[in-house]
Every structure is written in C-alpha cells, then in structure tokens.
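Since the structure comes first, as structure tokens, the remarks are kept for the end.
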Amino acid sequence: MTTATAEIAAPAARRWSAALRPAEWQLVLPLALAYAAFFLVPLVLLILVSFFDDEKITTMGGAQWTKFLGDRFTWKVIADTLKLGVFTVAATSLIGVPVALVYLGASARWQGVILFVVILPLLTSVVVRTFAWIVILGREGVINQTVLWLGLSPAPLRLLQTEHGLVIALTQIEMPLLLLPLLSVMSRMDPNLRDASSALGASKWRTLFRVTLPLSLPGLVAGCMLVFASSTTAFISQLVIGGNRLVYLPLLIWQQSLVVYNWPLASAAALTLLVSVGLGVAAIAAVGRRGHAWALR
Amino acid sequence: MTHGQVTRRQFLAGTTVAVGALALGRPAHAKGSVTAAMYPGTWEEAFRMHVAPALKSAHDVDLEMTPLFAVDQIAKAQAARGAPPFDAFVLDPGPRVTGIDRGLYEKFDAKRLTNLGRLSAGMTDEWGVTIAAQVVGIGYNPKKLPKPKAWTDLLKDPWVSRLGMTGFQTTYGTVSIIEIAKQYGGSETNVEPFFTEIKKVLSKVAAIGAPASMPALFQQGQCDITYTNTQTVATLRGRGVDIEFVKPESGAVSFYTTMHVAKGSKEIENAYKYFDTVISAPVQTALMQPPNNFIPVNREVKLARDLPMQSLDEMAKFVHHDWAKINPLRAGWIERFNKEVAK
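The listed protein sequences correspond, in order, to chains A and B.
The first sequence begins at 1 in my numbering and counts up by one.
The second sequence begins at 298 in my numbering and counts up by one.
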C-alpha cells in the first residue's frame, strides 16, 4: 500500500518540482502582474461600469449600451473613426514604403541619416507637433501663403478642421510608427536574394514586387497596425486639427467622462473604441497574412 | 579589530551618527503645505508668481499646485472617493454645482477668513469663497472686421465667415450660446433657437474648435471673431495679437470663480490660509496687473482702467446664469451640438 502510494506520488512530485523550477515563463512574471494590475483590472472595471444605468453608478442595467448603440449618430462616429484610420494607414504607406526602399538601397552612412530623420519627430512631444500643424495648415500658414504666392488659388484653402488636413498632419505624426518596423524587417533582408532575382533575369520592378515587397510585408503589416491603432485614438490631434466638426470616438469619451461625468456612457464608448480598433487591427493582420501567402505562391 | 572589517557595533554607531548629522543639517521646515488644483497656463503662472510667495511670507505655508481644468478637478476628486489628490479646488460655476451635488467639498466657514469684510456680500456661502470674476463677451480683430454690436452679429455677415466657435464644454462657451439663443427668443433653459439659427450659417463658420486651441486659432488668423472672456483678450493682446473686447448690447455675461476645500483634505487649516491670501488686497492687485489680468473681488483694490467696469458694484448689472438649472441640461446640449455641427 505504502509502496503503491509512493509510486503514484513520485511522478506527481517530479511534475511539481519541474513546474516550480525557475523557468523562462517566470521572467515575464513582473510584466504579467503589472498587466493584470494596471490593464486587466481596469478593463474589468470599465466593463462593469458600462453596465450601470445612472451617472452616479448605483443601478445596474444595460440602458447606456442601448442608448449608445441605438443612436445612428454613434455608428456614423464609429465609421468616421475607422475611416480616419484607413486613410492615415494608406497615406503613411504610400509615402513610407518609397522612403524604406531608398533606405534599403542606401549606404550604411546614409541609412544612419535616414533612420535619424525618421526618429526625429519622436523627439518632440505630440502636443507640440500638433500645434505646429496649426501654424502650417492655418489660413495664414506656410502652405496657404505658398499657394497664394504661386497664384494656385485666389483665396486661402481650407485645410484646418477638415478631414484631409487631419490626415496630412497624422501622416507626419504617425510616420515613425510605420517606418520603424518596416526598416527593421528590411535591414534584416538577405541582399543575396535580390541579387539572385536579378541574376536570374528578373527586371527591377519584378524583383521589387516578387522579392523585396513580399519579404518586407511583415514589417509593413506591423507598421500599419500601429499607425491604425494610434491614429484612430489620437485624441489631441483629432481635436486640435480636426476641431469639433469632425467627431470621433475619443472626443465622445472625453465629453462623457470629463464634461458631463456620465462614466457608464463613457465606458460604453471606450469599450466600443477598443473593440472597433481591435477589429480594424485584426483585419489588417488578416489582409497581411493573405497578401504574404499570395505573394510567395 | 582588524583592518578592512567593520563590526556590527561600529556599523550601528556609524549609521546613527550619519542619520543624526542628516537630521541636524535639515533646514528649518515650513508649517506645512497646501496642495491646490489650479487652471493651467495664465492662472498657474500668476499664482506661482504672486500667491505662493505671499502665502509663504504671511503664514509660512508652501503652496503646491496641480494643474487641472475645472472639469478635470471634479472627475479626479470623484474618482479618488474621499482621498482627494489636492486640498483646494478652483472652479467655474458649472463644475462648482456638480461638486456640491456629488458631495466633494467640506462645509465652508467664511468667518475663518480675516479678509472676509473686504469682500462684497454674497461672495461666500456654505461651500466656498469667490476669488475672481470673469466677464464674457465678444473678442474680434478690429483690423479685419467692423465692430460687432450684438450677440446676433456673430451669426451675420461679415462676422459669421470669420467666426470661431466652441461648444458647451466650457463655461464661457455655454453662457455665450445661451445669450445668442436668448436674442432669438430662447432662454437659460432653451437653446433651441441657437440650433435653428446656426444650422442656416454653419457652412460659413470659420472654425469650430477645442477651447484650448481657440487662442492659437485666433492668433494664426484662422478666425477673427469669437466669444471669449476679458482675460483671454488681455492675454492675447499682451502677445501682440490684434484683438478687442466688446460688451454686447444686451450685456456682457459675468460669472465668478470660486475656491473650495476638498472633502477629506488633511490640510484644512492651510487651505483657509491659502484662500485668505488669494483674496487679500495686495495679491488681488498683483493678479489684476498684466499679464495676469484677473478681475478682483476685494473691494479695497483700485480697478485697472481697461477692465470692463469702473467698480465692482457694476458686476450686478452684468448677465448672470443659474447653473443649477443649466447643469442637468448640459449633457443633452453637448450631444445635440455634436450632431448639429458634425460634418
């Protein structure tokens, strides 16, 4: 009996000691605990608060969700927020990919210079960059003065407080987020692959589309996800450059939480932003995977 | 004893001497401090420059400031649930009423202020003390536009195409919109006529922006006329911006800025000393001077010439609003404003 128990107990004890032995997963423990305390717990609280009917958080119910999601205006705001993200991703990619290709072909010294220029905007606060865009896009700003001086338009163009003005500003503000992962993937790319492609008779364009871009796609997808998540939630830029006529989800959250103190409604709006941006990011990842598979077929 | 080794006794003795030396070397400590929430920008700078030194020299109390807008103070205090991150609030009437409603202040005893007799009647109540006044009217660029006369001019040509607007998220924005609505038949609780009128001219309006960005938009020429308070006009003028303040025909709006003790504060005594310093004549005089441009409430202060009144008694003639009536409607107005102006 005793022997049998010992035989059964021995492997269990070994398993326990193996589990308790310092292993790699324990290295992530501090971060995991910090995430649990500062992200998961607040997130659960946010979900709980959104299920209260009144501003003073006393009666539970789904009234705020019904009110928020039952309003057609909310859906327009969600659509506008996601659209802003898509436009910013498109604009940053259109400008960022050529820059990355220049980086790829440059000498080590010039690569350093390009990398510095890419990181440069990150060295100033986003608030400063945003206010600087008022000076650039304003009626009497640099762009309008140039346009008037060249005689391209009889009156100053309206750039501030328009969606295209906001996309222009966000393109510059978010550019480092696209370029850093893209450049990191590109710099690890084996140059022999491109040489092999040319040696086998592929044109420059064919090499670009069949070798260089497919191989840098993971970096591009990562960059696009960062830009999408960051631009859809860029409250300060949206508010200062877009003004109050362009209403996005972060503005609704701010108004409900800090001006009218309706925290349940603010929580519902915040969770809606989290879910819709999460879905957008997942969609970019899915498109990236398909694109990668297609390009390498 | 061997070289290179320290016994436990030596270690303890050494530590005691070191800690003792540190304690002896500490500078004389102030009688305490008070942490005050403070509007960022002009207010914070002015208080750092004038109130902090006055409080230190009169009461030996250090002033520490947390820069927060009125709405943020209410949100923070509410989130802190009885353990406030600051001891004193500074608020406009709307958030003040919300704070009373949510029980965020200690009861106020005006008799503890030595400068109480120098304030006009009604400047204190059971919740706090008035420390400054604000006057709201129209600010415009005289080099670009003719002088407007009435609130309704804002929605007419040539002014409307240069108009910069904010919504209901600030006190000055809310009261200005109420005044515009009143001219078209609305009232303090009915801003419907404003929405009807703004819809007709919305495409012409130069800018509808965040309150914090309005001075920058005016400075950059994005708009040349806006509703604003005298302090912002004076501050912009001080920076060389072409801007003049106009009292509309139906009267400029006035409201008071008040201070309150945060519920659960551990520095109540020092908070009263702080309030007393803020309303004292020398500090109020200093706060009135450019570049601070506050409107004082202490009757002993000789008013500066460019203020929109000759004496503080004239304040009664300005338009006042009842925020207990406005606050319950504000959430609805904000939602409505979003929907009406959104592209």
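We put the beta carbon where it would ideally sit given N, CA and C, even for glycine.
Quick caveat: nothing in here was measured; it's all calculated off a predicted structure.
- request: Using a Cβ-Cβ cut-off of 8 Å, state whether Ile371/B counts as contacting chain A.
  value: yes
8 Å Cβ cutoff, Arg323/B in contact with chain A: Confidence in Arg323/B is poor, its pLDDT being 44 and thus under 50, which makes the residue's placement too unreliable to answer from.
message: Does the CB of Val135/A have a neighbour CB from chain B at under 8 Å?
response: yes
message: According to DSSP, simplified to helix, strand and coil, what is Met612/B?
response: helix
query: beta strand (DSSP E) containing Asn526/B: first to last residue?
result: 522-526
- prompt: Mind checking Val366/A: buried by the 16 CB within 10 Å criterion, or exposed?
  reply: Because chain A spans 1 through 297 in this model, residue 366/A falls outside it and cannot be assessed.
- prompt: Whose CA, out of Gly243/A, Gly219/A, Trp75/A, Ala36/A, lies closest to the CA of Ala504/B?
  reply: Nearest of Gly243/A, Gly219/A, Trp75/A, Ala36/A to Ala504/B, Cα basis: Gly243/A.
field: Interface flag, Leu365/B vs chain A, CB-CB below 8 Å
entry: no
task: Verify whether the separation of the beta carbon atoms of Val127/A and Ile236/A is less than 8 Å.
output: yes
message: Taking only three categories from DSSP, how would you classify Pro350/B?
response: helix
field: Thr207/A: first and last residue of the uninterrupted alpha helix (DSSP H) it sits in
entry: 204-207
- prompt: When the Cα atoms are used, what is the spatial distance from Leu416/B to Asp384/B?
  reply: 23 Å
query: Once you ignore the five residues that flank Asn526/B on each side, which residues in its own chain have a CB closer than 7 Å to its CB?
result: Gln431, Val432, Val433, Tyr469
- prompt: In the DSSP assignment, what are the bridge partners of Tyr402/B?
  reply: Ala559/B
query: Does any C-beta atom of chain A lie closer than 8 Å to the C-beta of Arg627/B?
result: yes
- prompt: Mind pulling the chain A residues with CB within less than 8 Å of Leu514/B?
  reply: Ile134, Gly138, Leu160
- prompt: In three-state terms, what does DSSP make of Arg627/B?
  reply: helix
message: Quick check on this structure: which residue in Gln375/B, Val530/B, Arg534/B, Ile576/B has the alpha carbon closest to the alpha carbon of Ser257/A?
response: Closest in alpha carbon position to Ser257/A, among Gln375/B, Val530/B, Arg534/B, Ile576/B, is Gln375/B.
query: Cβ atoms of Pro593/B and Gln607/B: under 8 Å apart, would you say?
result: no
- request: May I ask you to report which of helix, strand or coil DSSP gives Ser50/A?
  value: The answer is helix: DSSP assigns Ser50/A an H, G or I state.
query: How would you list, in chain order, the residues of chain A whose beta-carbon sits under 7 Å from the beta-carbon of Thr243/B?
result: This structure cannot speak to residue 243/B, because chain B is shown only from 298 to 640.
message: According to DSSP, simplified to helix, strand and coil, what is Asn641/B?
response: Here chain B covers residues 298 to 640 and nothing more, so residue 641/B does not appear.
query: In terms of residue numbering, what span does the alpha helix (DSSP H) encompassing Ile592/B cover?
result: Ile592/B -> no alpha helix (DSSP H), and no H or E assigned at all.
- request: Kindly indicate which residue of Val368/B, Glu423/B, Val538/B, Ile495/B has the alpha-carbon position closest to the one of Asp454/B.
  value: Ile495/B
- prompt: What does Arg245/A touch in chain B if you count any residue whose Cβ is under 8 Å from its own?
  reply: Ile505, Val638, Ala639, Lys640
message: Given this structure, state the Cα-to-Cα distance separating Ala37/A from Val358/B, to the nearest angstrom.
response: 37 Å
Buried or exposed (CB count within 10 angstroms, at least 16 for buried), Asn192/A: exposed
field: Tyr437/B: first and last residue of the uninterrupted alpha helix (DSSP H) it sits in
entry: Unbroken run through Tyr437/B is the beta strand (DSSP E), 426-437; no alpha helix (DSSP H).
message: Our contact map puts Thr463/B next to Met511/B with C-beta atoms below 8 Å; I'd like the distance itself, whole angstroms only.
response: 6 Å
For Phe366/B, the three-state DSSP class (helix, strand or coil): coil
query: Which whole-angstrom value is the C-beta distance of Thr642/B and Thr555/B, which I expect to be below 8 Å?
result: Coverage of chain B is limited to positions 298 through 640, which leaves residue 642/B absent and any answer about it impossible.
- prompt: Among Ser203/A, Leu31/A, Val281/A, which has the Cα closest to the Cα of Met225/A?
  reply: It is Val281/A.
message: Let me see if you follow: with CB-CB separation under 8 Å, is Leu258/A close to chain B or not?
response: yes
Chain B contact residues for Phe131/A, given Cβ-Cβ distances below 9 Å: Ser510, Ala513
- request: Report buried or exposed for Tyr390/B, applying the criterion of at least 16 other Cβ atoms within 10 angstroms of its Cβ.
  value: Strictly speaking, residue 390/B in this sequence is Pro, with Tyr absent from that position. It counts as buried.
7 Å Cβ shell around Ala270/A - same chain, five flanking residues per side excluded: Leu46, Ile253
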